[in-house]
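> In the working numbering, the protein residues as written are 20 to 377. Where a beta carbon is used, it is the ideal one built from N, C-alpha and C, also for glycine. My structure is below; once you've seen it, I'll send some questions.
Put into structure tokens, the structure is as follows:
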């Protein structure tokens with residue numbers, strides 16, 4: 020190796036080390052904001068038609084279009100959260116009053132539960148002992164307050180952090196709305212330099228999968244709310260439309276719909292509506308729960324030409340690995356992997372066939 024070649028090798032090694040160090044430090048700096056960045060990218064991509072329409076209406080004033088789009092996005096995120104907070108406060112007050120009424124009424128168990136073999140007798144005995152021994156009751160209440168009080172304190176402490184992350188998401192979404200086309204063009208150039216002409220297909224796979232996952236999520240939530248609303252109406256629950264909408268909103272969160280219909284079903288059992296309570300619980304377990312496991316993967320699979328089983332693994336595995344954002348990231352990763360797999364199979368088939376004869 021000549022001195023010139025050695026100098027070139029040293030220069031390239033230093034450049035690689037410098038670039039690797041910069042990338043590592045950049046990752047450490049950006050790591051706390053990766054989830055808000057991912058959410059901003061997903062929300063911007065899904066609502067991009069609104070931003071494009073506002074640009075046309077505002078005569079290509081990108082800043083104003085991006086600002087209005089971000090405000091609409093903030094309203095779509097903020098209004099449901101405020102409404103859920105008010106609803107939770109009202110339900111906590113109602114639960115407190117109901118618990119006070121039960122304590123004042125004595126240790127009477129509803130007939131529907133008291134008649135259940137073995138379980139009813141055990142519940143009646145436990146309730147009599149608990150309400151009869153005030154010291155034991157205070158100990159139980161203290162244990163519950165200690166357990167749930169800590170959880171509520173942690174939740175309250177995380178409100179500011181979550182609000183800050185939502186603010187970062189909306190701020191990032193504004194710049195994505197305004198400069199998204201330029202960023203996407205630069206990303207395509209970088210990917211083409213690394214992956215070659217295949218990069219375009221991978222970008223399309225990511226976009227189609229992300230859009231299909233979002234639509235599948237919302238369609239599954241609407242379907243769950245509709246099925247649950249029918250169950251509430253058949254069970255004679257007051258305001259079935261209201262509770263159906265609440266179930267649809269909670270269904271956006273994994274296993275969120277289960278909290279609503281299980282709570283209402285148990286409440287019907289406690290209120291001595293045995294048939295309605297059991298029927299609602301069975302309806303929720305058979306119809307409402309399976310809607311999410313069928314509608315969402317079917318919508319995603321039909322829109323992206325990705326097999327149903329792969330989509331299901333992506334949704335469930337992504338949720339387990341990355342949390343809520345994994346609902347979108349999991350299917351996207353597997354969709355890109357499938358695109359690479361199919362392209363490799365096509366290239367192998369072309370190599371076996373060989374060039375056409377001259």
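#1: If distances are taken between C-alpha atoms only, which option among 311, 306, 266, 366 comes closest to residue 283?
#2: Of the choices 292, 29, 189, whose alpha-carbon is the least far from that of residue 253?
#3: Could you check what DSSP says for residue 31 in three-state terms: helix, strand or coil?
#4: Measure from the alpha carbon of residue 53 to the alpha carbon of each residue in 370, 348, 358, then state which is nearest.
#5: Helix, strand or coil: which one does DSSP assign to residue 191?
#6: Beta-carbon within less than 6 Å of residue 97's beta-carbon, same chain only, minus the 5 sequence neighbours each way: which residues are those?
#7: I need the boundaries of the alpha helix (DSSP H) containing residue 61, first residue and last residue.
#8: Look at the alpha carbon of residue 85 and the alpha carbon of residue 368, and state the distance between them as a whole number of angstroms.
#9: Relative to the C-alpha of residue 366, which candidate in 240, 39, 217, 260 has its C-alpha closest?
#10: Would you check if there are 3 or more beta carbon pairs closer than 8 Å linking the stretch 306-314 to the stretch 204-220?
#11: Pair every Cβ in the stretch 52-68 with every Cβ in the stretch 186-203, then say whether three or more of these pairs are closer than 8 Å.
#12: Closest by CA to residue 242, which one among 286, 318, 31?
#13: Taking only three categories from DSSP, how would you classify residue 79?
#14: To the nearest angstrom, how far is it from the Cα of residue 255 to the Cα of residue 269?
#15: Should residue 63 go down as buried or exposed, given a rule of 16 or more other Cβ atoms within 10 Å for buried?
#16: So, using beta-carbon positions, are residue 280 and residue 240 closer together than 9 Å?
#17: Skipping 5 residues on each side, what residues in its chain have a beta carbon closer than 8 Å to that of residue 82?
#18: Using the Cβ count rule (16 or more neighbours within 10 Å means buried), how would you classify residue 88?
#19: Is the Cβ-Cβ distance between residue 285 and residue 296 less than 9 Å?
#20: Who are the near neighbours of residue 345 in its chain, counting only those whose CB is closer than 6 Å to its CB and skipping five residues on each side?
#21: Determine the extent of the alpha helix (DSSP H) in which residue 270 is found, giving its start and end residues.
#22: Pop quiz: residue 90 and residue 66 are said to be a contact at Cβ under 8 Å. What is the actual Cβ separation, rounded to whole angstroms?
#23: Following the continuous alpha helix (DSSP H) through residue 230, name the residue where it begins and the one where it ends.
#24: Would you report the Cα separation of residue 35 and residue 371, rounded to the nearest angstrom?
#25: To the nearest angstrom, how far is the alpha carbon of residue 202 from that of residue 244?
#26: Closer than 7 Å by C-beta to residue 30: which residues in its own chain qualify, once you throw out the five before and the five after it? Chain order, please.
Put simply:
#1: Stepping through the chain shown from its first residue, residue 283 is reached at position 264. Of 311, 306, 266, 366, the residue nearest in Cα terms is 266.
#2: For the purposes of this step, residue 253 is identified with residue 234 of the chain shown, where counting begins at 1. Per the Cα distances, 292.
#3: Reading the chain shown from its first residue, position 12 is the one you call residue 31. Assignment of residue 31 by DSSP, reduced to helix, strand and coil, places it in the helix class.
#4: Walking along the chain shown from the start, residue 53 turns up at place 34. Checked all of 370, 348, 358; the closest Cα to residue 53 is 348.
#5: In the chain shown, the residue the question calls residue 191 occupies position 172. Correct three-state label for residue 191: helix.
#6: Against the chain shown, residue 97 aligns to sequence position 78. Excluding the 5 residues flanking it on each side, residue 97 has no same chain C-beta neighbour closer than 6 Å.
#7: Counting from one through the chain shown, the residue named residue 61 turns up at place 42. Per DSSP, the continuous alpha helix (DSSP H) segment holding residue 61 begins and ends at 53-65.
#8: Reading the chain shown from its first residue, position 66 is the one you call residue 85. Reading the chain shown from its first residue, position 349 is the one you call residue 368. C-alpha separation (whole angstroms): 46 Å.
#9: Here the question's residue 366 lines up with position 347 in the chain shown. Minimum Cα distance to residue 366 is reached at 217.
#10: Below 8 Å, too few C-beta pairs join the stretch 306-314 and the stretch 204-220 to call them touching: fewer than three.
#11: A contact exists between the stretch 52-68 and the stretch 186-203.
#12: Counting from one through the chain shown, the residue named residue 242 turns up at place 223. Of 286, 318, 31, the residue nearest in Cα terms is 318.
#13: What you label residue 79 is simply residue 60 of the chain shown in a count that begins at 1. Assigned with DSSP and collapsed to three states, residue 79 falls in coil, not helix or strand.
#14: One-based indexing of the chain shown puts residue 255 at position 236. One-based indexing of the chain shown puts residue 269 at position 250. Within the model, the alpha-carbon separation for residue 255 versus residue 269 is close to 21 Å.
#15: Numbered from 1 along the chain shown, position 44 holds the residue referred to as residue 63. That one is buried.
#16: Here residue 280 refers to the residue found at position 261 when the chain shown is read from its first residue. Here residue 240 refers to the residue found at position 221 when the chain shown is read from its first residue. Contact: no.
#17: Counted from its first residue, the chain shown places residue 82 at position 63. Cβ neighbours of residue 82 beyond the five flanking positions: 197.
#18: For the purposes of this step, residue 88 is taken as the residue at position 69 of the chain shown. By the neighbour-count rule (16 or more Cβ atoms within 10 Å), residue 88 is buried.
#19: Within the chain shown, the letter at position 266 stands for residue 285. Within the chain shown, the letter at position 277 stands for residue 296. In contact: residue 285 and residue 296 (Cβ atoms closer than 9 Å).
#20: Within the chain shown, residue 345 is the residue found at index 326, counting from 1. Closer than 6 Å at the Cβ level, and outside the excluded window around residue 345, lie 337, 338.
#21: As a position in the chain shown, residue 270 is number 251, starting the count at 1. Per DSSP, residue 270 is one residue of the alpha helix (DSSP H) stretching across 259-270.
#22: In the chain shown, residue 90 corresponds to position 71, counting from 1. In the chain shown, residue 66 corresponds to position 47, counting from 1. Contact between residue 90 and residue 66 is ruled out by a C-beta separation of about 12 Å, above the 8 Å threshold.
#23: As a position in the chain shown, residue 230 is number 211, starting the count at 1. Here the alpha helix (DSSP H) through residue 230 covers 218-254.
#24: Sequence index remark: in the chain shown, residue 35 carries index 16 (1-based). Sequence index remark: in the chain shown, residue 371 carries index 352 (1-based). So the alpha carbons of these two residues sit roughly 37 Å apart.
#25: As a first step, residue 202 is located in the chain shown; it is residue number 183 there, counting from the start. As a first step, residue 244 is located in the chain shown; it is residue number 225 there, counting from the start. Using only the alpha carbons, I get a separation of about 38 Å.
#26: Counted from its first residue, the chain shown places residue 30 at position 11. There are no such residues.
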